[in-house]
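Below is one structure, written out as structure tokens, with a few remarks after it.
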Amino acid sequence: MKARLNIAAAALIVGAIALSGCAGGTPAASSAGGGDAANGLNDRGPITYVQGKDNSNVVRPLLDKWNALHPDQIVTFKEQSDNADQQHDDLVQRFQAKATDYDVVDVDVVWTAEFAAKGWLQPLKDTMAVDTSKMLPATVKTATYKGTLYAAPQTSDGGILYYRKDLVPTPPKTWDEMMGMCSIAKANNIGCYAGQFAKYEGLTVNVAEAINTAGGTIVGEDGKPTLDTADAKTGLNNLAAAYKDGNIPTEGITYQEEQGRQAFEDGKLLFLRNWPYVYNLAKADGASTVKDTFGIAPLPGKDGPGASSLGGHNLAVSVYSKNKATAKDFLAFMTSEETEKFYATQGSLAPVLTSLYDDPALVAQLPYLPVLKTSIENAVARPVTPFYPAVTKAIQDNAYSAIKGEKSVDAALADMQNAIASAGSQ
Ligand code: GLC
């Protein structure tokens, strides 16, 4: 109680300072250490954990375990939809309302800069510090903004090619080889290739992979768009041509991760680009018809393996949380070695702890781990900017029109270039 009073008094003082120095609603305005970030640091009690749909059914068992051990600090699960953009918008709405009912939130790697710049994430330093020394450096980078850690890396993600090894004994190494194999799909009356081509974050992931794989880039080191190149054109054109030819089936333009997984498990696709979580589900799902007939390979590239987009999810504490001491312990629990192993074995989710990729027992169970580690280490980050929503919208809108054949690839890239330039990159 005493602690609460002291904290309340401190909050008033800090709040007054924050108000007097308030710089308005523009990103990059908030100070990382003051204001709401000073509240609740020593307080414990019930909290809420927020993340997108738990496709792999790993969250509830973990919460049951935590709740049994912490009856006074119960964690309630707020499960969002399975669409990355909807998850993002829900978080933004709650943060803008300074909601205190979202304590620990799952932050997609591409949202760190925006949320941190807006001052919504508790800096993980001092009493809130998290040990990241045993984690893959690429994953720590995704949780860091301007030198400060804002989230605890939880699961990483790298693209994988799922294929029907009963129909294609040796998986394609290049995009052109894969397109050449589409005759096999045709002969078997199934779709050839799908990824995530609906208009949402998954499309940005797939377009970035197509462009990076062709040797292009979306932005340069300085954050400025670099889409006016022949390589970028080849990349986007590969997707547009595949859709036009029917190598990406018509319904593929509506697929997010889950619809693609479903189609693949139903035996309706020869190749699928998806994340590692699909592996366990395709093997164990009662309804999966490809349990024993699918294989996995690196994404096909230009001359060898393709460039995956770096995905993943990190756990952050909302600056508006009232029970940050509990939130901090929960972060440690959710990113512990035991939990990371559970994610990997139960959900085939990519760990962030480097050692697990070389753990012989784990590799025996999940033989793709070494391939996945290489994929993640070499994966290309999507643009890092507080203005990411405008950047990803520019990519999604224009690439979607180009793939559907409603806009030429040249016009789509030019419009993307302009829209990213005006979105800014600070
Ligand atoms: C996965 C990735 C994430 C990405 C999303 C797109 O959840 O981990 O980084 O943004 O898919 O749908």
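Numbers given in our numbering equal positions in the sequence shown, counted from 1, plus 169. Yeah, the Cβ is synthetic: ideal placement off N, Cα and C, and Gly gets one too. If you're wondering where the values come from, they're calculated on a predicted model, not measured in any experiment.
C-beta contact flag for alanine 285 and tyrosine 319 at 7 Å: yes
Distance CB(valine 299)-CB(alanine 321) smaller than 7 Å: Contact flag set, yes.
Buried versus exposed, by CB contacts within 10 Å (16 or more), serine 302: The residue is exposed, with fewer than 16 neighbouring Cβ atoms inside 10 Å.
Beta-ladder partner(s) of aspartate 277, from DSSP: His482
Beta carbon nearer than 7 Å to a non-hydrogen atom of the ligand GLC: Residues flagged by the Cβ proximity filter: Ala253, Asp277, Val278, Val279, Asp326, Gln365, Tyr369, Glu370, Gly371, Val374, Gln425, Glu426, Trp444, Gly480, Gly481, His482.
Residues that valine 388 bridges to, as DSSP identifies them: Paired residue(s): Pro394.
Rounded separation between glycine 202 and threonine 317 - CA only: Caution is warranted here: a pLDDT of 46 is assigned to glycine 202, below 50, making its placement in the model unreliable, and no coordinate value can be reported.
With 16 other Cβ atoms within 10 Å as the buried cut-off, status of leucine 238: exposed
Identified DSSP bridge partners for isoleucine 465: According to DSSP, which records beta bridges pairwise, isoleucine 465 is partnered with Tyr331.
Host beta strand (DSSP E) of phenylalanine 246 (start-end): 244 to 248
Beta-carbon proximity of glutamine 323 to asparagine 483, cut-off 7 Å: yes
CB-CB length for alanine 571 against valine 578, believed under 8 Å: 5 Å
Enclosing beta strand (DSSP E) for threonine 217 [first to last residue]: Its beta strand (DSSP E) spans residues 216 to 220.
According to DSSP, residues forming a beta bridge with methionine 585: Per DSSP, none; premise fails for methionine 585.
Member of Gln425, Arg430, Asp472, Ala583 whose CA lies at the smallest distance from the CA of aspartate 401: The sequence shown places alanine at residue 401, not aspartate. Residue Ala583 is the option with its Cα nearest to alanine 401.
As assigned by DSSP and simplified to three states, the class of valine 549: strand
Opening and closing residue of the beta strand (DSSP E) in which serine 570 lies: Per DSSP, serine 570 lies in no beta strand (DSSP E); the unbroken alpha helix (DSSP H) holding it starts and ends at 557 to 573.
Whether alanine 367 touches threonine 423 by CB criterion (7 Å): yes
Backbone CA spacing between isoleucine 186 and lysine 287 [nearest angstrom]: For isoleucine 186, the predicted model reports a pLDDT of 32, less than 50, meaning its position is unreliable; a value from the coordinates is still stated below. If you take the alpha carbons of isoleucine 186 and lysine 287, they lie about 17 Å apart.
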